[in-house]
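Peer 1: The structure under discussion is supplied below as structure tokens; questions concerning it will follow.
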Amino acid sequence: MKIPKIYSVYFAFIILLFFPSKYLELLTILVTSSILLIGFMYKFVLLKVNSFVVFIIFYILLIISVLIGMFYYGLEPIRNFTEIVRFSPIFLLFFVIKNIPENDAIKCIINIFLIYTVSNFIVSISQIALLGFVDPITSIYGSELQREVSLGISSRALGLNSGPGQNGSIMAIIFIFSMSQAIVDNYKFRSFLTAVLSFFVVVLSQSQTSFIVCLGGGLYALVFALLFMDKKTKKTALNYIIFIIPLGFYFLIKYSGDLRYLFTLFSHGLERSSYQARLEKTDYIIDLIFDKPVPLIFGHGKEYFGPVSGHMDNEYIFYLGVYGLLSTIMIILFYLYVLLLPYIYKDKYIKSNNFLFSLHMLVLVGVVMAWPSVFITDVRIAFILAFIYLMFISTRNTLKRN
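Residue numbers (the numbering used here): 7 to 408.
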């Protein structure tokens with residue numbers, strides 16, 4: 007007897023979230039293998055959608071950037087090739103996501119996010135409390151530099167991630183998804199618990215970017231619900247505004263002394279040394295990009311930028327320099343399309359498609375995160391976003407047929 011497809015999706019998400027992300031190539035291979043396994047078990051069936059054609063064009067442009075690195079610059083193709091491999095799980099998702107029931111998918115994501123968030127919360131708070139039992143876990147997941155500097159000196163929780171920035175970014179994504187599902191009353195207790203714990207982890211990581219997008223994204227979600235949702239959802243959103251937000255601010259103010267790095271965001275603003283260093287790095291990378299403008303349309307490839315390509319601190323600059331102008335335009339147009347979706351479909355799908363609101367919220371916070379941090383260049387976030395987007399498309403197609 008064949009097990010339901012959704013249980014195989016559980017397995018893929020467990021690998022995605024719990025395997026150490028510092029081993030990026032191995033993580034990508036394992037996630038790709040898990041999606042291939044789903045295809046072999048349940049047959050590969052293409053989700054017929056225009057987005058697949060667009061993705062293929064994007065993939066071809068990535069291949070061209072690899073070839074430019076090889077033949078124009080004479081560089082080794084290995085590091086450039088990793089960018090093609092990075093998106094292979096998303097390519098395969100188009101062939102396995104069809105016929106997954108909407109409610110099963112929502113339940114799967116919420117359950118996995120809750121398990122991961124509880125685990126990450128326990129590890130993060132144990133790291134801050136300097137509990138010895140968590141040291142082996144920190145060694146497995148965290149990089150040596152981040153363990154010594156971010157955790158040891160700045161008391162920033164790494165959790166089940168290589169650094170506090172990665173910890174903050176993945177938890178911000180989980181917070182936004184869980185909060186959006188709690189607002190529309192999908193598995194309300196589990197969604198709300200996940201949102202609360204994930205926000206606490208963001209605070210413990212002291213990731214300033216993730217903290218901002220959680221506050222801004224959460225407020226936007228509540229206002230959107232009050233303006234466009236049904237009466238029941240509006241009541242839920244109003245309760246959060248009246249009771250939960252003041253309580254959250256109380257705890258932040260109470261423990262602000264223990265979160266000194268996080269609160270330099272308010273005391274120093276854009277004058278922070280870390281922010282100024284990012285600006286200097288960005289200027290340096292832009293100079294490299296336009297130093298040889300001929301390949302810019304297709305991208306210079308990752309190897310052209312050397313070690314700095316692994317931490318550009320601005321994903322849009324990464325798009326432009328590594329993927330090229332055409333790919334950058336495609337990515338930005340995709341973001342704009344998703345941001346407009348709820349306003350296009352608010353009367354038709356927003357109440358019946360459980361993925362639309364979450365998809366919109368994830369991209370909204372993602373376009374902000376991408377400026378000083380990462381979004382789709384994080385394999386885990388890219389996979390989550392692609393899964394939710396394709397489930398939205400699949401559910402929309404089902405609603406159209408019915």
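Positions of the beta carbon are idealized from the N, C-alpha and C atoms, including for glycine. Quick caveat: nothing in here was measured; it's all calculated off a predicted structure.
By the DSSP assignment, the alpha helix (DSSP H) with Asn245 in it spans what residues?
Peer 2: Per DSSP, the continuous alpha helix (DSSP H) segment holding Asn245 begins and ends at 237-245.
Peer 1: So, with DSSP's three-state summary, where would you put Leu368?
Peer 2: helix
Peer 1: With DSSP run on the structure shown, which of helix, strand or coil describes Lys113?
Peer 2: In this structure, Lys113 counts as helix in the three-state DSSP scheme.
Peer 1: Between the alpha carbons of Lys113 and Phe19, how many angstroms are there, rounded?
Peer 2: 13 angstroms
Peer 1: Report yes if the CB atom of Ile218 is closer than 9 angstroms to the CB atom of Leu368, and no otherwise.
Peer 2: no
Peer 1: By a C-beta neighbour count over all protein chains shown, 10 Å radius and 16 as the cutoff for buried, is Met235 buried or exposed?
Peer 2: buried
Peer 1: I believe Phe25 touches Phe119 by the beta-carbon criterion, under 8 angstroms. Please report the beta-carbon distance rounded to the nearest angstrom.
Peer 2: Not really, about 16 angstroms apart at Cβ, beyond 8 angstroms.
Peer 1: How would you call Ser213, buried or exposed, if buried means at least 16 neighbouring beta carbons within 10 angstroms?
Peer 2: buried
Peer 1: State the Cα-Cα distance for the pair Leu199 and Tyr246, rounded to the nearest angstrom.
Peer 2: 13 angstroms
Peer 1: Does the structure place the region 46-64 close enough to the region 89-106 that three or more beta carbon pairs sit under 8 angstroms?
Peer 2: yes
Peer 1: I need the DSSP call for Thr383, collapsed to helix, strand or coil.
Peer 2: coil
Peer 1: With DSSP as the reference, label Lys54 as helix, strand or coil.
Peer 2: coil
Peer 1: Rounded to whole angstroms, what is the Cα-Cα separation between Phe249 and Val374?
Peer 2: 27 angstroms
Peer 1: Look at the alpha carbon of Met76 and the alpha carbon of Cys220, and state the distance between them as a whole number of angstroms.
Peer 2: 41 angstroms
Peer 1: Go ahead and pull the three-state DSSP assignment for Asn173.
Peer 2: helix
Peer 1: Per DSSP, what kind of secondary structure is Asn126 in: helix, strand or coil?
Peer 2: DSSP places Asn126 in helix when its eight states are reduced to three.
Peer 1: Drop a sphere of 10 angstroms on the beta-carbon of His306, count the other beta-carbons inside from all chains shown, and report buried for 16 or more, exposed for fewer.
Peer 2: buried
Peer 1: Is the number of C-beta pairs between the region 145-153 and the region 188-205 that are closer than 8 angstroms three or more?
Peer 2: no
Peer 1: Ordered along the chain, which non-local residues of its own chain (more than five positions away) have a Cβ less than 6 angstroms from that of Gly372?
Peer 2: Phe381
Peer 1: Whole angstroms is fine: what's the gap from Ser204's alpha carbon to Val37's?
Peer 2: 23 angstroms
Peer 1: Kindly list the residues whose CB is nearer than 7 angstroms to the CB of Glu89, restricted to its own chain and excluding five residues on each side of it in sequence; keep chain order.
Peer 2: Only Leu68, Lys308, Val328 meet the Cβ criterion.
Peer 1: From this set, Ala135, Ile128, Gly165, which residue's C-alpha is nearest Ser145's C-alpha?
Peer 2: Closest by alpha carbon: Gly165.
Peer 1: I believe Ala201 touches Met185 by the beta-carbon criterion, under 8 angstroms. Please report the beta-carbon distance rounded to the nearest angstrom.
Peer 2: 4 angstroms
Peer 1: Comparing C-alpha positions only, which one of Lys298, Gly330, Leu326, Ile291 sits nearest to Gly312?
Peer 2: Ile291
Peer 1: Please name the residue in Val91, Ser160, Phe50, Tyr13 whose C-alpha comes closest to that of Thr34.
Peer 2: For the options Val91, Ser160, Phe50, Tyr13, the alpha carbon positioned closest to that of Thr34 is the one of Val91.
Peer 1: For the alpha helix (DSSP H) containing Tyr13, list its first residue and its last residue.
Peer 2: 11-24
Peer 1: Can you tell me where the alpha helix (DSSP H) with Ser40 in it begins and where it stops?
Peer 2: 30-48
Peer 1: What is the DSSP secondary structure of Met318, reduced to helix, strand or coil?
Peer 2: coil
Peer 1: If you reduce the DSSP assignment to three classes, tell me which class Gln212 lands in.
Peer 2: coil
Peer 1: Classify Val102: buried if its beta carbon has 16 or more other beta carbons within 10 angstroms, exposed otherwise.
Peer 2: buried
Peer 1: Can you tell me which of Leu326, Ser132, Leu23, Ile41 puts its alpha carbon nearest to the alpha carbon of Leu210?
Peer 2: Ser132
Peer 1: Out of Ser130, Arg196, Phe139, point me to the one whose CA is closest to Gln172's CA.
Peer 2: Ser130
Peer 1: Per DSSP, what kind of secondary structure is Lys298 in: helix, strand or coil?
Peer 2: coil
Peer 1: Can you tell me which of the three DSSP states Ala163 falls into?
Peer 2: coil
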